[in-house]
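Engineer: My numbering numbers the first residue of the sequence shown as 2 and each following residue consecutively. Glycine included, each C-beta is placed from N, C-alpha and C at the ideal position.
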Amino acid sequence: MKSIQLQSVFLYLYNEKLSNYKTNTMPFTSLGLSASLLKALAVQNYTQPYPIQLEVIPAILKRKDVLGIAPTGSGKTAGYVMPLLMNMQLVEASRSRNVNVLVLVPTRELAVQVREVFRLFSVGLPQPVKTLAVFGGVSINPQMMALSGVNVLIATPGRLLELVESNAVHLNTIETLVLDEADKMLNLGFKEEVTRVLALLPEKRQNLLFSATLSDDVNNITQMLLHEPLVIKIESEVENIDLITQIAYFVTNEKKGPLLRYLIKHNDLKQVLVFTSSIYSADNVVDKLRKNGIDAMAIHSKKSQGSRTDALDEFKSGRLRVLVATDLISRGIDIQFLPHVINYELPRSPKEYIHRIGRTGRAESPGEAISFVTPADKDHFKVIQKKMGKWITMIDSESINLHGF
Ligand code: AMP
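(1) In the DSSP assignment, what are the bridge partners of Val135?
(2) In the structure shown, what three-state DSSP assignment does Lys234 receive?
(3) Among Ala156, Pro50, Ala147 and Tyr47, which residue has its Cα nearest to the Cα of Val102?
(4) Compare the beta carbon distance of Asp397 and Tyr250 with 9 Å and say whether it is the shorter of the two.
(5) Return the first residue and the last residue of the beta strand (DSSP E) that Met146 is part of.
(6) What residue from Ser278, Leu231 and Val325 has the CA that sits closest to Val67's CA?
(7) Considering Cα atoms alone, identify which of Glu182, Pro348 and Glu176 is closest to Ala112.
(8) CB of Gly69 to nearest heavy atom of the ligand AMP: below 8 Å?
(9) Which same chain residues end up closer than 6 Å to Ser216 when comparing Cβ atoms and leaving out the 5 residues on each side of it in sequence?
(10) Express the C-alpha separation of Ala60 and Asn142 in angstroms, rounding to a whole number.
(11) In chain order, what residues of the same chain lie with their CB nearer than 6 Å to the CB of Arg64, ignoring the 5 residues before and after it?
(12) With Thr327 and Ile280 assumed to form a contact (beta carbons below 8 Å), what rounded beta-carbon distance in angstroms separates them?
(13) Measuring CB to CB, does Lys387 end up less than 9 Å from Ile242?
(14) Under 5 Å, CB to any heavy atom of the ligand AMP. Which residues pass, going along the chain?
(15) Considering only C-alpha positions, which residue in the set Gln49, Leu91, Asp269 and Val100 is nearest to Leu126?
(16) Just the C-alpha distance for Lys292 and Asn188, rounded to the nearest angstrom, thanks.
(17) Out of curiosity, what's the CA-to-CA distance linking Asn25 and Leu227?
(18) Could you tell me which residues DSSP pairs with His341 in its beta bridges?
(19) By alpha-carbon positions, which one of Val139, Ser140, Val115 and Gly138 ends up nearest to Thr132?
(20) Out of Arg98, Pro52, Pro107 and Asn99, point me to the one whose CA is closest to Tyr81's CA.
(21) Note down, one range per segment and in chain order, each alpha helix (DSSP H) of at least 4 residues found wholly within the region 164-188.
(22) Entirely within the region 280-306 and at least 4 residues each: give me those alpha helix (DSSP H) ranges in chain order.
(23) Ignore the nearest five residues each way along the sequence and tell me which others in Ser318's own chain have a CB closer than 6 Å to its CB.
(24) Inspect the beta-carbon positions of Ala41 and Ser123 and report whether they are closer than 9 Å.
(25) Skipping 5 residues on each side, what residues in its chain have a beta carbon closer than 6 Å to that of His341?
(26) Short of 7 Å in beta carbon distance, which residues of its chain neighbour Leu85, apart from the five on each side in sequence? Order them along the chain.
(27) Which residues does DSSP list as the beta-bridge partners of Gln207?
(28) Within 10 angstroms of its Cβ, does Pro348 collect 16 or more other Cβ (buried), or is it exposed?
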C-alpha cells in the first residue's frame, strides 16, 4: 500500500473562490494549455480559471496524481478534462486508437455530462480525441460497437465490467484513471466493482480522484491509489449557502401537496427542482401536480435512461416547469442558474441538505431554497440548521389560505 505524502495542501473557502475569481490575475494562458484549448475556453466564455483549475491543471500536465476534495460546481470537470486532452495530444499516433483515459463515475447523468465537457474541449484539437460514455440501464450492443477507436472512456463501474467480460474493451492501455465523485460511487455500493476495475489496469499510471467529501472509504481508496498526490480542498458548499435565500414552511403531511401548488402558482415559479425522499413520493408529487395543471416530470433510478434524459433536457431548456427528483441522482444534475429548490421532504443528513440547496447558488447566481417541515421533522430540521450554522425563518402554513390549491 502506497502512503500519501501530502505534497501541497491548498484550502480555499468559497468566498475566497469568488474573490479570487474576480481578482486573480492568473489567466488561463499561464497554465500551459495549447492554443486550441484556449480557443475552446474562450468559446465557452471561461475567462478566468477557478481555484481548483489553477492548481490541478499544471499538476495533471506534469502527470502527477491528484486528490481533489471538491463538490460539483467547483469547476473540477474542466479542471481535469483540459490537461488530459492536452496530454493526449502528445500520445504517439500509433497508440492513439487505444483507450488512454478511463473516467469512472457513479451515475449515467454524470457520465453524459463529463462526456459533454470532453466533447466541448476536443473541438479543434490537432489530434482528434474520441470520447465515449457507457452506463447501464440501456442496451449494451450499441456501446460495444461504438468502442472502436475510443481514447477516453467514461463509465459507470458495473457496465464497464460487463464490457470487459464481453471482451469489448481492454483496460491494459490506460494511462490515466479518474475517479469522479468517488464518495458517491462508494456510497452507492460500487466498492467491489471499483476494486475489480483497478485490478485490470496497468500498474504504472496517473490517478486522479475527486470527491465531495473525504469519508473513511474514500480515504482507504486514496491510500491505495494515489502516489504523492497534489491535494486540493475546495470547501464550497457551506459558504455557498450565504448566496441562497432559505425559507421553511411548517406544514402537516396532508397540506404539503396544496402548499407546493400554492407556492408554484401564487409565486409564479417557472423552474423548480423538487426533492422527495422516495421514488413513490416523487411519482406521487408529479401525478398531483399534473392533475392540477402544473407541468412536471420525475427523475429517479426506476425511470428508463431515455425518460431521465428527456426530463432533464426539458427542464434545463426551461420547457418543463417542475422536475421532481430523489437524492440518489441529484448529484448528476448540473443546471446553471436554477432559481428554486423545494425540499418536499427533508433529506436525512445535513450534508445532503446542503448539497440539495447548493444547486441554487451555483455559478455565482443566487437562488431560493424552500423546505417543508412537518411536526415530525422539527427536531431533525434543528439539527440541519445547527450543522449549517444558520437559522432559517419558518412560516406557519396555517397562516396561508390554501383553499382551492
Ligand atoms: P463542475 O464543478 O465541473 O460541475 O462545473 C461547474 C460549472 O462551472 C459548469 O457548469 C462549468 O461549465 C462551469 N465552469 C467551470 N469552470 C469555469 C470557468 N473557469 N469559468 C466559467 N465557468 C466555469
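Structural biologist: Quick answer:
(1) Indexing the sequence shown from 1 puts residue 135 at position 134. According to DSSP, Val135 bridges with Ala156.
(2) Along the sequence shown, read from residue 1 onward, the residue named residue 234 stands at position 233. Here Lys234 sits in strand by DSSP.
(3) Stepping through the sequence shown from its first residue, residue 102 is reached at position 101. Among Ala156, Pro50, Ala147 and Tyr47, the Cα nearest to that of Val102 is on Ala156.
(4) On the sequence shown, residue 397 is found 396 positions in, with the first residue counted as 1. On the sequence shown, residue 250 is found 249 positions in, with the first residue counted as 1. Yes, these two residues count as a Cβ contact at 9 Å.
(5) By 1-based counting over the sequence shown, the position of residue 146 is 145. Annotation for Met146: no beta strand (DSSP E) segment contains it, though the alpha helix (DSSP H) segment containing it runs Asn142 to Ala147.
(6) The residue labelled residue 67 in the question sits at position 66 within the sequence shown. Val67 has its Cα closest to that of Leu231, out of Ser278, Leu231 and Val325.
(7) For the purposes of this step, residue 112 is taken as the residue at position 111 of the sequence shown. Considering only alpha carbons, the answer is Glu182.
(8) For the purposes of this step, residue 69 is taken as the residue at position 68 of the sequence shown. Every heavy atom of the ligand AMP is 8 Å or more from the Cβ of Gly69, so no.
(9) Counted from its first residue, the sequence shown places residue 216 at position 215. Answer for Ser216: Asp184, listed in chain order.
(10) Start at 1 with the first residue of the sequence shown, and residue 142 comes out as number 141. Start at 1 with the first residue of the sequence shown, and residue 60 comes out as number 59. Between Asn142 and Ala60, the C-alpha separation is close to 37 Å.
(11) The residue labelled residue 64 in the question sits at position 63 within the sequence shown. So the list reads Gln207, once near-sequence residues are dropped.
(12) Locating residue 327 in the sequence shown gives position 326, where the first residue counts as 1. Locating residue 280 in the sequence shown gives position 279, where the first residue counts as 1. Yes, they are in contact, since the Cβ atoms of Thr327 and Ile280 sit about 6 Å apart, within 8 Å.
(13) To locate residue 387, count along the sequence shown from 1; it is residue 386. To locate residue 242, count along the sequence shown from 1; it is residue 241. No.
(14) Tyr47, Tyr51, Thr73, Gly74, Ser75, Gly76, Lys77, Thr78 and Ala79
(15) Translated into positions along the sequence shown, residue 126 becomes position 125. Looking at the Cα atoms, Leu91 is the closest of the given residues.
(16) Translated into the one-based positions of the sequence shown, residue 292 becomes position 291. Translated into the one-based positions of the sequence shown, residue 188 becomes position 187. If you take the alpha carbons of Lys292 and Asn188, they lie about 36 Å apart.
(17) Taking the first residue of the sequence shown as position 1, residue 25 is located at position 24. Taking the first residue of the sequence shown as position 1, residue 227 is located at position 226. Legend: pLDDT at Asn25 = 45, less than 50; position of this residue unreliable, value from coordinates given subsequently. If I take the Cα positions, the gap works out to 30 Å.
(18) Residue 341 sits at position 340 when you count from the first residue of the sequence shown. In the DSSP output, where bridge partners are listed per residue, His341 has Val273 and Glu369.
(19) If you number the sequence shown from 1, residue 132 lands on position 131. Ranking the options by Cα distance to Thr132, first place goes to Val115.
(20) Within the sequence shown, residue 81 is the residue found at index 80, counting from 1. Out of Arg98, Pro52, Pro107 and Asn99, Pro52 has the C-alpha closest to the C-alpha of Tyr81.
(21) Here the runs fully enclosed are 183-188.
(22) Counting whole runs of 4 or more residues, the region 280-306 contains the alpha helix (DSSP H) stretches 280-292.
(23) Within the sequence shown, the letter at position 317 stands for residue 318. Here the set comprises nothing.
(24) The residue given as residue 41 occupies position 40 in the sequence shown. The residue given as residue 123 occupies position 122 in the sequence shown. In contact: Ala41 and Ser123 (Cβ atoms closer than 9 Å).
(25) Within the sequence shown, residue 341 is the residue found at index 340, counting from 1. So the list reads Leu270, Val273 and Glu369, once near-sequence residues are dropped.
(26) In the sequence shown, residue 85 corresponds to position 84, counting from 1. Only Ile61, Val102 and Thr177 meet the Cβ criterion.
(27) Sequence index remark: in the sequence shown, residue 207 carries index 206 (1-based). For Gln207, which the question treats as bridged, DSSP gives the partners Thr177.
(28) Taking the first residue of the sequence shown as position 1, residue 348 is located at position 347. So Pro348 counts as buried.
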